[in-house]
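Chemist:
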Amino acid sequence: MTGAVVVALLLITVLIGARGVAAMRTTSDFLVASRRTSPMLNAAAVSGEYLSAASFLGVAGLVIKEGTGALWYPVGFTAGYLLMLTLVAAPMRRSGALTVPGFAEARLGSRSLRRFCAVVVVVIGVLYLVPQIVAAGQLLTLVSGVDYWVGVVVSGLAVGITLALGGMRAATYVQAFQFALKLLLFAGPAIWLLLLAGPSLRADMAAPPEFTHFTQQTPVDFRLDTDLVVTEPTVVAVDGVPVELAPGPHHARGDQVWLFPEGAAVPELGGDRASLPVPGGDQWALPLLGTGEAAPLIATWSVLVATALGTMGLPHVIVRFHTSPDGRGARRTAAITVALLGSFYLFTVVYGLLGTVLTPELHLSQTTDTAIVTLPARITDGSTAAVLTALLTAGAFAAFLATSLGLLLALSGALAHDLMPSGLRRLRLTALAVSAAVVPAALLMVRVDVSAAVTSAFTVAASTFCPLLVLGLWWRGLTARGAYAGMVTGLTCSVGAMGLGTALPLGGTAGMLLTQPALWSVPLAFLMMIAVSLGDHVPSWAEDTMLRLHLADRE
Amino acid sequence: MNRPRRVAVTAPPETGVRSRPVPARPVPETVLERDRAAHARRVRHAQLRRAAITLACGALLLLGLPVLLHGVPGLAAWRLGWLPLGWMLVAWLPYPLLALLAWWHLRRAERAERPDDRPGEDPAPAP
Amino acid sequence: MRQANAAAGRGPYPGWVRADGDSDRGGRAPGSRPSPSRTSQSRSSLRPRFTDRFRAAGHTPADPAEILDAGVAVAAGLREPAGSPAAVDALRRLAGLCGADAVGLLLPGGRETWWGPDRDDGVALGRRAHGRRLSEGDLLALPLDDEPGDDGAVLVLAGDVSPAAARRIAGFTADALERARLEAGAAEAEAARLRELRTQISPHFVYNALTTIASFVRSDPARARDLVETFAEFIRHSLAARGDYTPLAEEFRSVEAYLTLARAVLGERLRVQVRVAPEVLPVPVPVLALQPLVENAVQHGVEKDPDGGLVQVSGEAEGDVCVIAVEDDGPGMSPEHARAVLAGTAEGAGLALVNVDRRLRAVYGPEHGLVIETAPDAGTRIVLRIPRFQPGVVAQ
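Protein chains in written order, with the UniProt record's numbering: chain U, 1 to 555; chain V, 1 to 127; chain A, 1 to 396.
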């Protein structure tokens, strides 16, 4: 059932992309040009491209795992378009540059800077693309019961095939349709589930009980090796064999299913996950991130800064604004996008709370990323649950496909046009090669939280492209050398800090500042860019080149 | 339809205007006339000011809310109807406010580049 | 910007004050930096000299490939706009060749490029040179033009450079500049020629359209008026477009105007399908890159066939390339003939396709010329692949 819906959806998407039913206009009286792309349509396309599997699945899962503070992630994702609107959309559209590397060359006149920007695009693209494939793989694993690697390979294939069959067109109508589909498949089931849920469940949602004891016999399907700390002697059926666990640390292998009896105490998480809050607990209920000894205020700010400032540097988003006929259209597109994204994210809290009440045990197995699709079966049964699960799966897969295609194109564009020697300009081949290359990466990175991994892509974008765009568009004094210095600083600080933070689980505020470095790496990149530019010679054409971007169109 | 296969043909390389590869194209030397440059400077300044105001409001909202939630932990427990107020402040409140802010900024930004702002027709130069 | 740099407080060294007597500049702390001559001596011992290499050539030959490479890079860099990073880099290499501590190139019209310290002093000296050789401290200004005049190019060298080396470097730079100037002139001539190419509207079509409109004037005056308006729109785009590039949407409007007129002339024999994806409509393209192709398809695919034919025009994005195709189901042609058409050697074929092809190659590079897919009795499809963004290509 679910599989059929996913396949049907995939076919529909591919067909629309390949045979221009709605993707291209067929007119008998051929009045094409007078009908320009409306900002509304374009904003829907931007949102369709932007809402990824991380938004569809990841945020609700993070609410179960990290607490209601995870609701700040989508706020930052949306606020990014406010920055896009105020600082980037109109002048960037007028520059004509489709990509940040292209902008760097056109504004600062440096080929080598363009190539460096392309390297950054590749870093951001990979950091964003891999978690998408991970999420899609987990999703397929969950709904069809295949091995994780099969799910990942099928997801990679789906992207590759869609691309070969017309995904290269990046058609506006397809992406706009994808947004409508995602909104429908996200909001519809949310409302439906709320109606199906009885009054006691709705009351529980408003105050999820702390997850200290299993209220019923509960299987926990560990798909990854996990460290647990048992607090009282418990008899657990490990793959059907009863085992008595003494209080103390225990290790669950990645292929085991532990069946906890009703009334048993819930074990605590050990290892590097020990600081995560207990679902329904006090820390969980405080809507700030980084609960535990890490300063919650700073953690929340850091995520907000990374997501809001990183949006403008995402390689697959900027190109969409070029469908607008002019700078004014691009600005309107950005403004409408804020509203469209907001209407989508209003529903995340429903899934987050339902998941915390109904599937808190996913917190133990760390498989919260796919919590959403397990919810319908917990609320109702029979065909209603199957239909709801299928709808949610389809929506999540649509989100995965739309974003992955855009990312893949941006990534391959940077590789094929900016980094490879000319003559090797085979965009389609490069795209297929990239999609083949990210599959093994996704197989290695099973453990990542989809939303957290996506945030690392935002952090890198915020520390490199955000200063480049903001200063390049608004300050005549930016020079190529300054841009280099700032971006190298931002890239090494953000990537280095996040790598260090993963390698050394420090904990506390220091550890948090390593894993979420945006709060200091972004200002540092800005400062570096400004300082080096001030010491450099500004070419005489710089001011006019910058000013032209602010002249309204048709003047 | 049994058509012969089409063959793809391009111009022989020698007839091209240049047979050598196009050299690295420098940045086009954008040169604005003085009036236009002055006008662009004004518009840029006006837009920057508006952007700063909008972003300050946005930052106050988004960076201030966590401070409020941190300073008044009771908000997370205090219920307004069905859900705790603290959760609503994060889950729902920011979106309409961001959309309003976006709409407000859009209107002001478009007004800033209305044609009656153009040089020569500008009756009252900005103070 | 220059003033801003001067105001930033780069203290001129003492020699400046004595030679010039410019007291308000001399007021700044003169000793704020180490003496330039000392710097140049300490540096000169580290860096191989151009002149040393010349002298030593008989005994230990320097790597000529290296020197030639540097020369080529310098010549290429001097073609870039003054002040651009590439131009600065060219001067850096020039300094490496002759062992100068700083090199500046002052061009007519106040444009300048500088590499190394002492920018303000050097520029001021160069501006005072007025076609004469001028030296001051260890700064040396060499005019590059043969005729002494007020406003010529001046090369300024700082540091301990032998007069012979300085003369050679100046000669080399003057040659490179002259070549760059000639190339720029050629490019301008090319641009003018390209502009000329695009204004060729088929007189055959204008005649047909006007006679058709005339035939409607009595029988259907409303339609005649509409057609005249369409004709005006077509002419406006073809003759009066301002810049070299126009958004594809505008180009499509011209195509639509053309097709409306052609349908009035040909009636039901002409069937048309236009399919354009919205994301390519804003792409800037050379003015009249598309309309001649459509006209060609109508002329060769439809007009000659008594049963008429179908012309399909499509535009879509493929990654960062915009692919436009014009297809007819007419008689087609042999690939050899198509090749001859593009080469401009085919008999009886107009120059419309050649012109479009040359303009596209000139703007976007040789791999972006027209592609004609055709065979006898197979119709013809002409494909344009235009980058959606090319630095320097901006619609007016």
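Quick reminder that beta carbons are idealized off the backbone N, C-alpha and C, glycines included. Since the model is a prediction, treat every value here as computed from it, not as a measurement.
1) Taking the C-alpha atoms as reference points, what is the distance between A/E316 and U/R378?
2) Between which two residues does the alpha helix (DSSP H) holding U/G248 run?
3) Please state if the CB of A/V371 and the CB of A/V383 are separated by a distance shorter than 8 Å.
4) Report yes or no: is there a C-beta of chain U within less than 8 Å of the C-beta of A/D320?
5) Measuring CB to CB, does U/T389 end up less than 8 Å from U/P376?
6) Based on DSSP bridge pairs, tell me the residues matched to A/E136.
7) Exposed or buried, what is A/K304 when buried is set at 16 or more other beta-carbons lying within 10 Å of its beta-carbon?
8) What are the partner residues of A/E316, as DSSP defines its beta bridges?
9) Which residues does DSSP list as the beta-bridge partners of A/Y245?
10) Which whole-angstrom value is the C-beta distance of A/R388 and U/L82, which I expect to be below 8 Å?
11) Between which two residues does the beta strand (DSSP E) harbouring V/A8 extend?
12) Let's test the definition: count the other Cβ atoms within 10 Å of the Cβ of U/V460 and tell me whether it reaches 16, buried, or not, exposed.
13) Can you find a C-beta in chain V that's less than 8 Å from the C-beta of U/D147?
14) With 8 Å set as the bound, which would you pick, yes or no: does the beta-carbon of residue 144 of chain V sit closer than that to a beta-carbon of chain A?
15) A/G332 bridges to which residues according to DSSP?
16) Nearest-angstrom Cα distance between A/L91 and A/A165?
17) First and last residue of the beta strand (DSSP E) that includes U/E244?
18) Is residue 398 of chain A close to chain U? Criterion is C-beta to C-beta, closer than 8 Å.
19) Please report the residue range of the beta strand (DSSP E) in which U/P219 lies.
20) Of the choices A/G379, A/P292, A/G137 and A/V298, whose alpha-carbon is the least far from that of A/M333?
21) For A/M1 and chain U, any beta-carbon pair shorter than 8 Å?
22) Give the residues from the stretch 248 to 276 of chain U that approach chain V closer than 8 Å (Cβ to any Cβ), ordered along the chain.
23) Of all the CB atoms in chain A, is at least one closer than 8 Å to the CB of V/V90?
24) Report the residue from U/A176, U/T545, U/E361 and U/V305 whose alpha carbon sits nearest the alpha carbon of U/S456.
25) Would you call the stretch 264 to 284 of chain A and the stretch 319 to 334 of chain U touching, i.e. three or more CB-CB distances under 8 Å?
26) I'd like the list of long-range same chain contacts for U/L259, defined as Cβ closer than 7 Å, with 5 residues on each side in sequence excluded.
27) Distance cutoff 8 Å, beta carbons only. Does A/V394 sit that close to anything in chain U?
28) Round the Cβ separation of residue 556 of chain U and U/T231 to the nearest angstrom and send it over; I've been treating them as touching at under 8 Å.
29) So, are the CB atoms of U/L547 and U/G477 less than 8 Å apart?
30) In this structure, does DSSP put U/Q366 in helix, strand or coil?
31) Does the beta-carbon of U/H251 have 16 or more other beta-carbons within 10 angstroms, so that it is buried, or is it exposed?
32) Under 8 Å, with one C-beta from each stretch per pair, do the stretch 110 to 122 of chain U and the stretch 84 to 94 of chain V reach the 3-pair mark?
33) Measure the Cβ-Cβ separation of U/L463 and U/S540 and say whether it is below 8 Å.
34) For A/R253, does the count of other Cβ atoms within 10 angstroms reach 16, so buried, or fall short, so exposed?
35) Does chain V have any CB closer than 8 Å to the CB of U/P209?
36) DSSP beta-bridge partners for A/H237?
Modeler: On the basis of the supplied data:
1) 46 Å
2) Segment G248 to A252 is the beta strand (DSSP E) holding U/G248; no alpha helix (DSSP H) there.
3) yes
4) yes
5) yes
6) A/L139
7) exposed
8) A/V323
9) A/P286
10) Contact doesn't hold; Cβ gap of about 27 Å is too wide.
11) V7 to T10
12) buried
13) no
14) Absent from the structure is residue 144 of chain V, since the part of chain V shown begins at 1 and ends at 127.
15) Note: A/G332 sits in no beta bridge, so no partner.
16) 15 Å
17) V241 to L245
18) In the structure as shown, chain A begins at 1 and stops at 396. Residue 398 of chain A is therefore absent and cannot be evaluated.
19) T218 to D221
20) A/G379
21) In this prediction, A/M1 scores a pLDDT of 36, lower than 50, which makes its location untrustworthy; no coordinate-derived value is stated.
22) none
23) no
24) U/V305
25) yes
26) Q217, P219, V236 and A237
27) yes
28) No statement about residue 556 of chain U is possible, as the shown extent of chain U runs from 1 to 555 and does not include it.
29) no
30) coil
31) exposed
32) no
33) Looking at the sequence itself, residue 463 of chain U is Ser, so the reference to Leu does not match. For U/S463 and U/S540, no; Cβs fall outside 8 Å.
34) buried
35) no
36) None; A/H237 has no bridge partner.
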